[in-house]
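Trainee: What follows is a structure written as structure tokens; I'll ask about it next.
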Amino acid sequence: MFKSGLADEVRALPGGENLEMCYSCGTCTSKCMIQQKLEPEYNPRRLLRMVMMEMREESFSNPTTWLCSSCDLCYPACPQQIHISGVITAVKKIAVQNGQKTPLHTAVVDQQTCVACGLCAEVCPYEAITIETRKLPYRGSIPVAVVDPGLCMACGMCGAACRSNSISIPADYSDENVVESIWKWLNPEGAL
Amino acid sequence: MTDHKPKIAFFQCHWCLYAPEDQEWVDRRLPDNIRLIKVPCTGRIDPLFVLNAVQGGAEGVVISGCLPEKCHYKEGNLAARRQLQEFSSFMDYIGYDEARLRFVWLDLQDRGRIQRELADFENQLQQLGSAEALAARQPLEEGGAHE
Amino acid sequence: MVDAARQPLIEVKAYTEVEKVEGFVGNFKVTLREKAKYVRADRCNGCGACAKVCPIEVPNYFEMNLAPRKAAYIPMSQSVPLIYNIDMDACIHCYKCVEACGPLEAIDFSMQDKIVEEEIGAIVVATGFSHFDPTPMEEYGYNRYPNVITAMEMERLNNSAGPTAGSLIRPSDGKKPQKLAFINCVGSRDKRFVESCSNFCCMYSIKNAVLVKQMYPNIDVTIYYMDIRTPSKGYEEFYNRARAMGIHFIQGRPAMITEDSETHNLFIHTEDIALGKVVEHEYDMVMLNQAAVPQPDQNHMSSVLNVAQSPGGWFMEYHPKLRPMDSPTDGIFFAGACQGPKDIPASVAQGSAAAARASRVLHSKTWQIEPTIANVWPDRCVSAQGRACGICERSCPYGAIDYTQGKAAEVITAKCHGCGACVAECPHDAITQLHYTDAQILSQIRTLLADKPEKKILALRCHWCSYGGADLAGTSHFEYTSNERGIKVMCSARMDADFIYEAYRLGAGAVLYSGCHQQDCHYITGQVIGAKRAKRLETIFERMNMTPGRFRVEWISAAEGDKYARVLNEMQATLDAMPEADLLAEIERLRPEMAKRLSRLPNIPGVQRALDHTQVVVNTILSREGAQ
Ligand SMILES: Cc1cc2nc3c(=O)[nH]c(=O)nc-3n(C[C@H](O)[C@H](O)[C@H](O)COP(=O)(O)OP(=O)(O)OC[C@H]3O[C@@H](n4cnc5c(N)ncnc54)[C@H](O)[C@@H]3O)c2cc1C
Ligand code: SF4
Ligand code: SF4
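Those protein sequences? They're chains A, B and C, same order as listed.
Counting in our numbering, the first sequence tops out at residue 459, every number present.
Counting in our numbering, the second sequence tops out at residue 275, every number present.
Counting in our numbering, the third sequence tops out at residue 638, every number present.
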């Protein structure tokens, strides 16, 4: 069963230190809202257990690894004072290093319109956005916002902050979808 | 008091209702005059979303999110607070009564509070009268179809 | 209690506080405050006429404030002795009670607290425990949701002599609940509040659930738990009976309780571990089985009695396995939960044991103590010359040293346990310890290092742990280096820095400083003192650039024979790895440094003479070795 030292790797990362202290009480899982609201398979307690049991691949592909948003509701409730999101972030980091991709619809930048003002980078709670110089068609070498999909949690704050409508999250919560749903209701005939 | 049911745009963050019963009510049993617009986080609400709703004819706007320190995205709702509070004074300035915009920050243990808040808000809007006072406002070009 | 009050040789002093404890085993002088009851014990017949007429009602502490009592009251219906009491904080001085008492004239508003002093031979402390208040655990809403109550409140509601005469009702509307839940480990096994397990909550929550189920078979009862701990005789069987009765057990620690603000019904949110799913169940009433914590005045009592406290705050026993009912102070004993949470059978067993121990004291004309006690040479103590010091007093784990500036410090022999902390700590070498004098130990060191000291490893071991570890290594045939030379002292607290300097001055290859792990120390905090000194020495030697590994500090229990052998073999390896010339050069380089720190040695009484004698032995050894 013990193939490699995943638990050791996690413990070595900041935040992962107290992994082995978990006595599986389940407080974190029930304090967290993700299982109820989004993903029935979400379970931080089980992820910690899987890491302790060296279930490497299973841990990397587990939704818990990707969906934890580090809100830390569970941390003050954990009777063993484990910084659970710290552990999960450590697992995610190792997963990213091992080439695993996030299942989230992470933010996308329209590099043709971005003015590199940096507002998005400032509001991003995950420090997932940096301003980097890129060579772009029509625009030449120019600084633009770049999103690290390994850090982005798709909360959409950047989209709300951007003044040039150059960044947003795709799918359900895109600007177009939200505005359209408002207009459809208010003006059933004359939607956008 | 009138029977007029004011149109309310209700922005709800994905995470702020802990009790499954409350979420079920919001998802399936919301009265017709209230429109639910789900967002991942109140921080996702672009002021333009609110402006769109108001220009389209919404008589009140409710924004419900998690308590400040309990945001699912660490600090998204703090940004929302800053941004939207500023925005509400702008609305006031252009003649849209500040009382037509309500923020509800829900704690995990506030079971059944959202129903009370919405009922109370509706009551408040009824007392303010219908939003005809906003007739002065011009529809946005691309918003078009209003009247 | 009633039996105890009837027994002619037992005097019950109710409503009395211990203010001061002086003296020592067999000869304690205890100062008591007999608090004024404003009712004369010799006249009150317990009829209760005063309480009937008293117009004042205050919350009744005994009923967990679920019911009122009068300002003229008895704490509970089975109070012993049955004498009423007037609560002066609540009394409005209407004197209705005086009238009601009539010709008995038992009520006396002029009564005052009385301070009495008693000669006491032995003391049994049985002050019990207190309960964690779950209010700070916001997630459970105690004090906010009326139908969330604590286990103690449940005990009163379930009690036929309680405020509801034993009928179970919920506080919000007085109705009989249909669905009940108990939550275990509220505050206990929780590093945010009380790290330890409270020992009896699993069992009493099952007991309360069974009681409810027996009385009202239709009520749905659920216990939320992390683990069910049933270690004593018959407990697991009781747990099984509860399951067979249809009581539900859900493994999972609830993260939160929410409340419907209209019905005041409660919803418990938990992960049902067996399902791996978050579930929400509705209840009429929820009981929090709160952690057991030390009494709020435990710190105060510990300084009054001069007994130490364990890390959780409970009173600390002499030895956790061998002498759990003795305090480290002779003549003071513990019974029950004051020493750590325990249930009634365990409390009774410990109480009986403590009583037996106490009667041993009472029936002895003399009291034997360890002969290894400390003694002060008054002429060497700087306090006698008027200088401020008191280091010895601060180092003694037992408070056995009487220090007043201007007078030579004095060891109260009956209180001394002979750890030797003061002896090693005294910077003026003014204290000695019988059987472990500096002269004796220095002679041993000199003899052991007589020949080829650079090849030797001098091991200082404490009597209780590392000496036992070395012993076990031998009896278990764990092989370790034959270059080890051991010296035993009672405690690592006795391992004087001078011994180590002297060993290096004589040219020792390496020195091991070993004793008990902190929690195993036989002298309360002796190891702490020893460990602090060891730390200091480590820094000093580091600054001297001594090769790392030549001075080693290790805490080795009597069960760790393997560790003892391993540590010595590692030390041997360190020495082997060093070229001999380098080692000898280092010894020579450090010798003057060591000698500088030892200049006072010959002045210690007896040391010079002992060393002169030792020299004869050393010479003999050397001549014999040389002859070979
Ligand atoms: C809700 C609940 C239910 C329980 N049910 C059971 C059960 O069913 N079976 C079981 O075996 N155990 C049960 N227990 C455990 C049981 O209560 C303890 O084992 C027992 O009370 C310990 O007895 P004790 O005499 O050591 O302490 P306590 O019962 O706490 O008695 C200590 C006494 O000392 C007095 N005191 C404290 N400080 C001072 C002072 N400075 N001066 C003078 N007096 C002082 C206190 O007033 C108190 O009367 C239960 C515990 C709880 C919390
Ligand atoms: S709350 Fe803490 S101890 Fe309990 S399951 Fe989660 S991580 Fe483990
Ligand atoms: S930190 Fe992660 S696991 Fe914990 S409650 Fe927040 S989202 Fe859930």
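The beta-carbon is built from N, C-alpha and C at its ideal position, and this holds for glycine as well.
Between Met300/A and Trp143/B, how many whole angstroms is the CB-CB distance? I'm expecting something under 8 Å.
Mentor: Translated into positions along the first sequence, residue 300/A becomes position 33. Translated into positions along the second sequence, residue 143/B becomes position 15. Met300/A to Trp143/B, Cβ: 5 Å. Contact.
Trainee: Shorter than 8 Å from the beta carbon of Arg199/C to some beta carbon of chain A?
Mentor: On the third sequence, position 189 is the one that residue 199/C refers to. For Arg199/C, a Cβ of chain A is located within less than 8 Å of the residue's own Cβ.
Trainee: To the nearest angstrom, how far is it from the Cα of Ala110/C to the Cα of Pro156/C?
Mentor: On the third sequence, residue 110/C is found 100 positions in, with the first residue counted as 1. On the third sequence, residue 156/C is found 146 positions in, with the first residue counted as 1. Using only the alpha carbons, I get a separation of about 38 Å.
Trainee: Tell me whether Ala279/A is buried or exposed, calling it buried when 16 or more other Cβ atoms sit within 10 Å of its Cβ.
Mentor: Along the first sequence, read from residue 1 onward, the residue named residue 279/A stands at position 12. Ala279/A should be labelled exposed.
Trainee: Have a look at Ser650/C and Ala274/A and give me their C-alpha separation to the nearest angstrom.
Mentor: Residue 650/C lies beyond the range of chain C shown here (11 to 638); nothing can be said about it.
Trainee: Within the 8 Å Cβ cut-off, does Pro330/A reach chain C?
Mentor: Mapped onto the first sequence, residue 330/A falls at position 63. No, no contact with chain C.
Trainee: Could you check what DSSP says for Gln375/C in three-state terms: helix, strand or coil?
Mentor: Start at 1 with the first residue of the third sequence, and residue 375/C comes out as number 365. According to the sequence shown, residue 375/C is Lys rather than Gln. The answer is coil: DSSP assigns Lys375/C none of H, G, I, E or B.
Trainee: Quick one: is Ala247/B buried, meaning 16 or more other Cβ sit within 10 Å of its Cβ, or exposed?
Mentor: Reading the second sequence from its first residue, position 119 is the one you call residue 247/B. Looking at its Cβ environment, which holds fewer than 16 other Cβ atoms inside 10 Å, Ala247/B is exposed.
Trainee: Evaluate the contact criterion for the region 167 to 175 of chain B versus the region 134 to 143 of chain B: three or more CB pairs, one atom per stretch, below 8 Å.
Mentor: yes
Trainee: Taking just the CA atoms, how far does Glu321/A sit from Asp150/B?
Mentor: In the second sequence, the residue the question calls residue 150/B occupies position 22. In the first sequence, the residue the question calls residue 321/A occupies position 54. For Asp150/B and Glu321/A, the distance between alpha carbons rounds to 39 Å.
Trainee: Is the Cβ-Cβ distance between Cys338/A and Tyr201/B less than 8 Å?
Mentor: Taking the first residue of the first sequence as 1, we reach residue 338/A at position 71. Taking the first residue of the second sequence as 1, we reach residue 201/B at position 73. Yes, they are a contact pair.
Trainee: Under 8 Å between the Cβ atoms of Arg157/B and Phe277/C?
Mentor: One-based indexing of the second sequence puts residue 157/B at position 29. One-based indexing of the third sequence puts residue 277/C at position 267. Cβ atoms of Arg157/B and Phe277/C: not closer than 8 Å.
Trainee: Less than 6 Å between C-beta atoms, sequence neighbours within five positions excluded: which residues of the same chain meet that for Ile117/C?
Mentor: If you number the third sequence from 1, residue 117/C lands on position 107. Hits under 6 Å: Val49, Cys107, Val108 and Cys111.
Trainee: So, helix, strand or coil for Cys223/A, using DSSP?
Mentor: Examination of residue 223/A is not possible in this model, given that chain A is present from 268 through 459 alone.
Trainee: What runs of the beta strand (DSSP E), each 3 residues or longer, lie entirely inside the region 76 to 102 of chain C?
Mentor: 78 to 80
Trainee: Excluding the 5 residues flanking Thr380/A on each side, which residues of the same chain have their C-beta closer than 6 Å to its C-beta?
Mentor: Here residue 380/A corresponds to residue number 113 of the first sequence, with the count starting at 1. Ser431 and Ser433, listed in sequence order.
Trainee: Exposed or buried, what is Leu19/C when buried is set at 16 or more other beta-carbons lying within 10 Å of its beta-carbon?
Mentor: On the third sequence, residue 19/C is found 9 positions in, with the first residue counted as 1. That one is exposed.
Trainee: Within 8 Å (strictly less), CB to CB, does Ser326/A reach chain C?
Mentor: Start at 1 with the first residue of the first sequence, and residue 326/A comes out as number 59. So, not an interface residue.
Trainee: Which value, in whole angstroms, describes the spacing of the CA atoms of Met268/A and Gly244/C?
Mentor: Position 1 of the first sequence holds residue 268/A. Position 234 of the third sequence holds residue 244/C. Any answer about Met268/A is weak, because its pLDDT of 43 lies below 50 and its placement is not dependable; what the coordinates show is given next. Rounded to whole angstroms, Met268/A to Gly244/C spans 38 Å at the Cα level.
Trainee: Following the continuous alpha helix (DSSP H) through Glu44/C, name the residue where it begins and the one where it ends.
Mentor: Residue numbering aside, residue 44/C sits at position 34 when the third sequence is read from its first letter. No alpha helix (DSSP H) contains Glu44/C, which is instead part of the beta strand (DSSP E) from Asn37 to Glu44.
Trainee: Using the Cβ count rule (16 or more neighbours within 10 Å means buried), how would you classify Ala344/A?
Mentor: Reading the first sequence from its first residue, position 77 is the one you call residue 344/A. It is buried - the Cβ of Ala344/A has at least 16 other Cβ atoms within 10 Å.
Trainee: Going by beta carbon distance, what residues of the same chain come within less than 7 Å of Cys391/A, once the five residues before and after it are set aside?
Mentor: To locate residue 391/A, count along the first sequence from 1; it is residue 124. Met424 and Cys425, listed in sequence order.
Trainee: Give me the chain C residues within the contact set of Leu236/B, using Cβ-Cβ distance strictly less than 7 Å, ordered along the chain.
Mentor: The count along the second sequence starts at 1 and reaches residue 236/B at position 108. Chain C residues near Leu236/B: Met266.
Trainee: Shorter than 8 Å from the beta carbon of Gly151/C to some beta carbon of chain A?
Mentor: Reading the third sequence from its first residue, position 141 is the one you call residue 151/C. Closer than 8 Å: no.
Trainee: So Arg456/C and Thr624/C are in contact, right, with Cβ under 8 Å, and what is the actual spacing, rounded?
Mentor: On the third sequence, residue 456/C is found 446 positions in, with the first residue counted as 1. On the third sequence, residue 624/C is found 614 positions in, with the first residue counted as 1. Going by Cβ atoms, the distance from Arg456/C to Thr624/C rounds to 5 Å, so yes, they are a contact pair.
Trainee: Give me the DSSP bridge partner(s) of Ile351/A.
Mentor: Numbered from its first residue, the first sequence carries residue 351/A at position 84. Looking at the DSSP assignment, Ile351/A forms no beta bridge with any residue, so it has no partner.
Trainee: Relative to the C-alpha of Glu41/C, which residue among Ile102/C, Ala51/C and Lys30/C is closest?
Mentor: On the third sequence, residue 41/C is found 31 positions in, with the first residue counted as 1. The amino acid occupying residue 41/C in the given sequence is Thr; Glu does not appear at that position. Taking Thr41/C as reference, the option from Ile102/C, Ala51/C and Lys30/C with the minimal CA-CA separation is Lys30/C.
Trainee: Taking 8 Å as the threshold, find out whether the region 392 to 401 of chain C comes into contact with the region 412 to 428 of chain C through three or more Cβ pairs.
Mentor: yes
Trainee: Please identify the residue among Leu334/A, Tyr309/A, Asn310/A and Val354/A whose C-alpha is closest to the C-alpha of Glu287/A.
Mentor: In the first sequence, counting from the first residue as 1, residue 287/A sits at position 20. Among Leu334/A, Tyr309/A, Asn310/A and Val354/A, the Cα nearest to that of Glu287/A is on Val354/A.
Trainee: Taking its Cβ as the centre, do 16 or more other Cβ atoms sit within 10 Å of Asp155/B, making it buried, or is it exposed?
Mentor: For the purposes of this step, residue 155/B is taken as the residue at position 27 of the second sequence. By the 10 Å Cβ count, Asp155/B comes out exposed.
Trainee: Check Gly478/C in the structure and name its three-state DSSP category.
Mentor: In the third sequence, residue 478/C corresponds to position 468, counting from 1. DSSP, reduced to helix, strand and coil, places Gly478/C within a helical segment of the structure shown.
Trainee: Return the first residue and the last residue of the alpha helix (DSSP H) that His200/B is part of.
Mentor: For this step, residue 200/B is matched to residue 72 along the second sequence. From DSSP, His200/B is part of no alpha helix (DSSP H); its letter is neither H nor E.
Trainee: I'd like the ranges of any beta strand (DSSP E) spanning at least 3 consecutive residues and lying wholly in the region 248 to 328 of chain C.
Mentor: 258 to 261, 266 to 269, 276 to 282, 287 to 293, 295 to 300 and 302 to 304
Trainee: Would DSSP call Phe215/B helix, strand or coil?
Mentor: Residue mapping note: residue 215/B aligns to position 87 of the second sequence, counting from 1. Helix.
Trainee: Would you say the region 459 to 478 of chain C touches the region 512 to 528 of chain C, given that touching needs at least three Cβ pairs under 8 Å?
Mentor: yes
Trainee: Quick one: give me the first and last residue of the alpha helix (DSSP H) that Lys573/C is part of.
Mentor: To locate residue 573/C, count along the third sequence from 1; it is residue 563. Lys573/C -> alpha helix (DSSP H) spans Gly571 to Ala587.
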